[in-house]
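A short worksheet on the structure shown next.
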Amino acid sequence: MSAVFKLETFRNDFSFRNSPAAIRRFPLPFAQDEYMYSVNIEPHVPGARDSVLEFAFDVDEHYVAECRERELVLAEDPRRFQALPHMMSAQWDCLELLMDSLARDYPQYFSLTKTGNRWRWINRPLELDQSFIFGDARSLPRAPLDYITRQAQGDFVLMDQREGDLWIEAGMVTTQADWSLDFDLGMTFKEWHGPVPLAHELNVFDRALKYLLNLRIGQPVRRLNWTMTVHPRLDTSPENYPQWGPDRAAVTAENAGDLVHLRVELQGLWRLPRSNAVVFGIRCYLISVRELASIPKWARRVHRVLKNLHPALVDYKGLTRYRDAVVEWLAPYDDGAPTSPGAAPE
Amino acid sequence: MNSAQTLNVVVTAIEQVTPLIKHFTLAAVGGDPLPAFSGGSHIIVVMHTPARAHRNPYSLLGSPRCLDRYEIAVRRMEESRGGSHYLHDHIRVGSRLEIAHPVNLFGLDKIARKHLLIAGGVGITPILAQLEELQDGSTPFELHYAVRSPQHAAFAQRLRERAGASLRMYYDSENQKLDIDALLSGQPLGTHVYACGPAGLIDAVVATARNLGWPGSHIHWERFAAPPVGDAFEAYLARSQRSVRIPSDRSLLESIEAAGVEVPYLCRGGVCGYCRTRVLELDGELVHNDHFLSDAEKASAASIMPCVSRARCERLVLDL
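Quick note, the sequences are listed as chains E and G, same order. Each step along the first sequence adds one to the number in the numbering used here, with nothing skipped, and position 273 is 451. Each step along the second sequence adds one to the number in the numbering used here, with nothing skipped, and position 136 is 199.
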């Protein structure tokens, strides 16, 4: 989308809002009126013009505000970026993937010139102009992954591949749905996903791991995941639980439309060529229930999904205290009419 | 996952490096940089001959830092079904080939304390690319390279430059024996061993390491099986509802592809497990030639790797 970058906040006064155009392109994860886990992985190929899938990495109207929010989180807690020493080549791989993609897809905002290993990166929205030597960490002000992900929306985790498994061993995680890089660093793929209910019994992670171990260079894949968050708060981390956990008690059937936000993760996975690592990008999109309800089909759809959600998922996603309030708030918008298949607005 | 996207490349140099091995240098048609890769990766080379298509895996042996070219080495196989002979006899400088993006099933372990690289013959190729990644000197390594005689020692000069004092060569012709037991017995904890070469060498390294108590996670090998020849047989593809005849000199995978049915694959050499296919009915026995399925899985005959394995039967029904 052609974005005018908005000045808005994800904390304190929570001035974050979606424009009407941003609402219409929101990646609703519900293609039907009910929801259950599946291995919903598909090739990450370019999607429709102006959609969040048009490019490898979506840059939208919230870009500058999200980068500023990341700086605030890191200033308070530098351990949101971590990388084990053997992940340096994967860090460079990830930097290259992001710079190549952004410069190719958004030439009005970013440019990258390569003269052998001498690279120059220009980020116009953030007013950065950096010359450096690709592969020489001393030529950048920060570690390569730290440097580039401060200029990207969404979290990034780098997984090393060895022993027939994927190990999360580097990452930048500041916009997470209640999980901690600091706690999970060094875990295998299944250890990392240990807390997820039901999915283990469905063998979701066995199949997903096998699929990802064979991920090919140049053939990334994606999936959507979702939860809900009170206030448009990007940083819902275990580390900061005391700051956001109590918010859930404030939700009522009267204020749910404005307080509660659907939180959708567009997750992308790329094989990194030089390191043979895998980068897992987790891009968070927020939309208030009131904004969602401005699309009649989505109001009906989300009402039905939440009403019939499996109890274990209600608990795991942290919705227990306020799911009923949201359902009640949405009920007047659901006249029982059938919804058209797929997630598109109409 | 869909099957491999391919790249069009042109052969820019061919060198006969031993009596049996030719070294091919490839560049992208149009001269763009080729995709980056990691040491130990292979590509699939697709050859459309008048009779049939061959898709053979070859390790990339050049530097992962030089993306203006890919380098492969092809040993002329005595029992070739045609792929290596085609490359040796028909491909010239300027010939065009189709290749799939690199895939790495034999990468260096990034947390190893030391790498022990053991190669025999043309098995040196993936290790040449791995050596490039070891040039920064951060992890110690040894390279042991066994060949028939000095004239069969492909890339000896390049190896000496990259490995220096860490290289040890063994010539059969001079009765120089690689004592695998002694070699593996003297390694510090945290060493990873990598073997590539003839089946006998790989089997000996793996068996010795296991006997000495090395953890399985520290033992790596790569052995691309060429699809062996065998009796002709017939398979029925249940979902596609068609019968496929598998001649003695074609693999099951090739025959299924020739019938227009797509099977996902990565290595085509019995290593990665990606083309594993469910067997629905069988009235004879499977001839498993892969290195992926466990012995128990092979015995159960519940699945087959069509890239290298065959059947001796009247009727084989596959879930394809």
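Ideal placement from N, C-alpha and C gives every residue a C-beta, glycine not left out.
Between the CA atoms of residue j and residue i - distance to the nearest angstrom
{"i": "residue 241(E)", "j": "residue 288(E)", "result": "13 Å"}
{"i": "residue 151(G)", "j": "residue 394(E)", "result": "29 Å"}
{"i": "residue 297(G)", "j": "residue 364(G)", "result": "17 Å"}
{"i": "residue 221(E)", "j": "residue 306(E)", "result": "32 Å"}
{"i": "residue 80(G)", "j": "residue 96(G)", "result": "26 Å"}
{"i": "residue 249(G)", "j": "residue 256(G)", "result": "12 Å"}
{"i": "residue 295(E)", "j": "residue 312(E)", "result": "5 Å"}
{"i": "residue 90(G)", "j": "residue 218(G)", "result": "20 Å"}
{"i": "residue 145(G)", "j": "residue 448(E)", "result": "35 Å"}
{"i": "residue 483(E)", "j": "residue 209(E)", "result": "10 Å"}
{"i": "residue 173(E)", "j": "residue 98(G)", "result": "The structure shown has nothing for residue 173(E), since chain E only spans 179 to 524."}
{"i": "residue 213(E)", "j": "residue 521(E)", "result": "12 Å"}
{"i": "residue 436(E)", "j": "residue 204(E)", "result": "17 Å"}
{"i": "residue 66(G)", "j": "residue 328(G)", "result": "With a pLDDT of 46 at residue 66(G), under the threshold of 50, the modelled position of this residue cannot be trusted, and the question is left open."}
{"i": "residue 506(E)", "j": "residue 281(E)", "result": "45 Å"}
{"i": "residue 250(E)", "j": "residue 190(E)", "result": "12 Å"}
{"i": "residue 13(G)", "j": "residue 343(E)", "result": "Nothing can be reported for residue 13(G): it is not among the residues displayed for chain G, which extend from 64 to 383."}
{"i": "residue 374(G)", "j": "residue 347(G)", "result": "7 Å"}
{"i": "residue 100(G)", "j": "residue 339(G)", "result": "25 Å"}
{"i": "residue 154(G)", "j": "residue 86(G)", "result": "12 Å"}
{"i": "residue 371(G)", "j": "residue 361(E)", "result": "43 Å"}
Interface flag, residue i vs chain G, CB-CB below 7 Å
{"i": "residue 222(E)", "result": "no"}
{"i": "residue 451(E)", "result": "yes"}
{"i": "residue 454(E)", "result": "yes"}
{"i": "residue 346(E)", "result": "no"}
{"i": "residue 341(E)", "result": "yes"}
{"i": "residue 219(E)", "result": "no"}
{"i": "residue 468(E)", "result": "no"}
{"i": "residue 394(E)", "result": "yes"}
{"i": "residue 356(E)", "result": "no"}
{"i": "residue 338(E)", "result": "yes"}
{"i": "residue 264(E)", "result": "yes"}
Boundaries of the beta strand (DSSP E) in which residue i is found, first to last residue
{"i": "residue 507(E)", "result": "Premise fails: residue 507(E) lies in the alpha helix (DSSP H), 501-508, not in any beta strand (DSSP E)."}
{"i": "residue 308(G)", "result": "305-309"}
{"i": "residue 394(E)", "result": "Unbroken run through residue 394(E): none, as it is neither H nor E."}
{"i": "residue 104(G)", "result": "104-111"}
{"i": "residue 258(G)", "result": "254-259"}
N- and C-terminal bounds of the alpha helix (DSSP H) containing residue i
{"i": "residue 284(G)", "result": "Premise fails: residue 284(G) lies in the beta strand (DSSP E), 282-285, not in any alpha helix (DSSP H)."}
{"i": "residue 274(G)", "result": "262-274"}
{"i": "residue 370(E)", "result": "367-370"}
{"i": "residue 383(E)", "result": "382-391"}
{"i": "residue 225(G)", "result": "219-226"}
{"i": "residue 204(G)", "result": "Element bounds for residue 204(G): not the alpha helix (DSSP H) but the beta strand (DSSP E), 204-210."}
{"i": "residue 347(E)", "result": "Careful: residue 347(E) lies outside any alpha helix (DSSP H), inside the beta strand (DSSP E) at 343-350."}
{"i": "residue 362(E)", "result": "359-362"}
{"i": "residue 202(E)", "result": "198-202"}
Distance between beta carbons of residue j and residue i, contact taken as under 8 Å
{"i": "residue 455(E)", "j": "residue 331(E)", "result": "At roughly 21 Å, the Cβ-Cβ gap does not stay under 8 Å, so residue 455(E) and residue 331(E) are not in contact."}
{"i": "residue 422(E)", "j": "residue 414(E)", "result": "5 Å"}
{"i": "residue 231(G)", "j": "residue 207(G)", "result": "5 Å"}
{"i": "residue 193(G)", "j": "residue 171(G)", "result": "5 Å"}
{"i": "residue 367(G)", "j": "residue 342(G)", "result": "6 Å"}
{"i": "residue 189(G)", "j": "residue 126(G)", "result": "That pair is no contact at about 13 Å."}
{"i": "residue 352(E)", "j": "residue 258(E)", "result": "5 Å"}
{"i": "residue 244(E)", "j": "residue 184(E)", "result": "Actually they are not in contact, since the Cβ atoms of residue 244(E) and residue 184(E) sit about 10 Å apart, beyond 8 Å."}
Residue-level contact to chain E via CB, residue i, 7 Å cutoff
{"i": "residue 175(G)", "result": "no"}
{"i": "residue 283(G)", "result": "no"}
{"i": "residue 366(G)", "result": "no"}
{"i": "residue 98(G)", "result": "yes"}
{"i": "residue 328(G)", "result": "no"}
{"i": "residue 354(G)", "result": "no"}
{"i": "residue 125(G)", "result": "no"}
{"i": "residue 101(G)", "result": "yes"}
{"i": "residue 238(G)", "result": "no"}
{"i": "residue 417(G)", "result": "Missing from the structure shown is residue 417(G); chain G here goes from 64 to 383 and no further."}
{"i": "residue 71(G)", "result": "no"}
Interface flag, residue i vs chain B, CB-CB below 7 Å
{"i": "residue 357(G)", "result": "The structure shown contains no chain B; its protein chains are E and G."}
List in chain order: all unbroken beta strand (DSSP E) runs of 3+ residues lying wholly within the region 405-473 of chain E.
The region 405-473 of chain E contains these whole beta strand (DSSP E) runs: 438-449, 456-466.
What residue ranges within the region 267-330 of chain E form continuous beta strand (DSSP E) runs of no fewer than 3 residues, ordered along the chain?
Fully enclosed beta strand (DSSP E) runs of 3 or longer: 288-293, 296-301, 306-311.
Which ranges would you report for the alpha helix (DSSP H) in the region 123-166 of chain G if only whole runs of at least 4 residues count?
Counting whole runs of 4 or more residues, the region 123-166 of chain G contains the alpha helix (DSSP H) stretches 146-153.
Counting only runs that start and end within the region 313-343 of chain G, where is the alpha helix (DSSP H) found for 4 or more residues in a row?
You should have 315-321.
To test your reading of the DSSP string, which unbroken beta strand (DSSP E) runs of 3 or more residues are found completely within the region 174-207 of chain G?
The beta strand (DSSP E) runs lying completely inside the region 174-207 of chain G and spanning 3 residues or more are 177-183, given in chain order.
Starting from the N-terminal side, write out each stretch of the beta strand (DSSP E) that is 3 residues or longer and does not extend beyond the region 246-270 of chain E.
Runs of the beta strand (DSSP E) inside the region 246-270 of chain E: 259-261.
At 4 residues or longer, what runs of the alpha helix (DSSP H) sit wholly inside the region 65-98 of chain G?
Here no run is fully enclosed.
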